[in-house]
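The working numbering numbers the first residue of the sequence shown as 1 and each following residue consecutively. All C-beta atoms, glycine included, are put in the ideal place defined by N, C-alpha and C. None of the values given here were measured: they were computed from a predicted structure. Accompanying notes for the structure given below.
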Amino acid sequence: MIEPQSVTPPTNLPVVVGPKRDRRRPVGVFFSVALATALMAGLTLAAFTDSEHGALDASEQKPGYGTGSYNIQISNVASGAWKDTTLLDGSASDNTTADVEAPIQLGNANGHKLIPGDQDSWVTVDFYVRNDEASTVNSILNFHLIKSEAKTTDAALLSALRFDVAFSGTGLAIAKLEDKTFTELNDVDAFKFVTSAAPGAVYKVSITIKLPNQGNNGANNNDFQNKVAHLIASIEGASTSA
């Protein structure tokens with residue numbers, strides 16, 4: 001029987017060592033992800049910076065943007081004495097019924113002495129209108145004739161009256177209207193005599209009130225005695241940038 005022998009393992013065999021793990025890689029990956037996240041968030045790491053600014057104001061004297069101002073005025077004398085009928089009626093609003101019933105007085109002292117067919121009895125009334133000097137925009141000016149609602153006007157006399165209207169000033173669109181009826185002149189949009197009045201521009205308006213011979217129209221002139229028409233000249237203005 002053979003006895004088992006003890007075997008001594010050889011000492012010169014190569015030692016196998018597994019691959020060494022690089023512990024720096026996770027750190028590099030984390031830094032790359034953090035940098036990309038920072039750039040996506042818009043963070044500036046380092047840069048030179050500068051900026052420039054331009055005010056949209058027209059000038060230092062005219063700062064900002066906003067609305068302009070607009071107003072027209074009337075006078076019964078050439079020298080001025082400009083009035084705003086809005087103030088005359090005591091209200092803060094313009095173009096109201098109260099404005100119409102609080103006009104300045106333009107009447108001719110002989111206006112109540114009209115005689116049918118007698119041209120010497122016919123009267124002319126002058127007045128002046130302007131785009132206020134304080135306005136910052138130009139103005140359109142319309143002329144029309146209205147009757148007072150606060151006073152009684154004889155309808156037959158109103159229908160019989162005829163009117164000539166003359167305008168003077170710069171840049172007129174209409175210089176004269178002749179032999180117009182009240183109904184024709186009552187149209188607020190028909191007679192735009194100025195399309196672009198500059199601030200401070202003054203215009204003279206002359207209205208001749210005529211009473212033709214009513215016998216020519218089949219009426220009796222005597223029927224018009226002691227009749228009255230209460231008339232108001234109205235200037236309607238509108239601002240314009242032109």
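**Item:** Where Q73 sits in the DSSP three-state scheme
**Value:** strand
**Message:** Quick check on DSSP: helix, strand or coil for F48?
**Reply:** coil
**Prompt:** How many angstroms separate the CA atom of D50 from the CA atom of I235?
**Reply:** 57 Å
**Prompt:** So, using beta-carbon positions, are F182 and F143 closer together than 8 Å?
**Reply:** no
**Request:** With 8 Å as the threshold, decide whether the Cβ of K210 is near any Cβ in chain B.
**Result:** The structure shown contains no chain B, having only a single protein chain.
**Asked** Bridge partners of S159, per DSSP?
**Response** Beta-bridge pairing links S159 to no other residue.
**Message:** So, at 6 Å on beta carbons, what are the nonlocal neighbours of K204 in its own chain, with the 5 sequence-adjacent residues on each side left out?
**Reply:** Y128 and S168
**Rounded C-alpha distance that separates D231 from F163** = The sequence as given places Leu at residue 231; Asp does not occur at that position. Distance between the alpha carbons of L231 and F163: 12 Å.
**Asked** G237 by DSSP, collapsed to three states: which one?
**Response** strand
**Request:** Thinking A173 and T195 are a contact (beta carbons under 8 Å), I'd like their distance in whole angstroms, please.
**Result:** 5 Å
**Message:** Helix, strand or coil for T208? Go by DSSP, reduced to three states.
**Reply:** strand
**Item:** Collapsed DSSP secondary structure at L56 in the structure displayed
**Value:** coil
**Message:** For S206, tell me which candidate among S75, A219 and G237 has the shortest Cα-Cα distance.
**Reply:** S75
**Message:** Taking the alpha carbon of A238 as the reference point, which residue from N108, I115, S139 and Y65 has its own alpha carbon closest?
**Reply:** S139
**Prompt:** Is it the case that the Cβ atoms of L161 and L211 are separated by a distance below 8 Å?
**Reply:** yes
**Request:** Could you check if S79 is buried or exposed, using at least 16 other CB atoms within 10 Å of its CB as the buried criterion?
**Result:** exposed
**Message:** So for E178, helix, strand or coil by DSSP?
**Reply:** strand
**Asked** Which class does N222 belong to by DSSP, given the choice of helix, strand or coil?
**Response** helix
**Message:** For P116, which residues in the same chain have their Cβ closer than 8 Å to its Cβ, ignoring the five residues on either side in sequence?
**Reply:** A160, L211, P212, N213, Q214, G215, N221 and F224
**Asked** What did DSSP end up calling T85 once you bin it into helix, strand or coil?
**Response** helix
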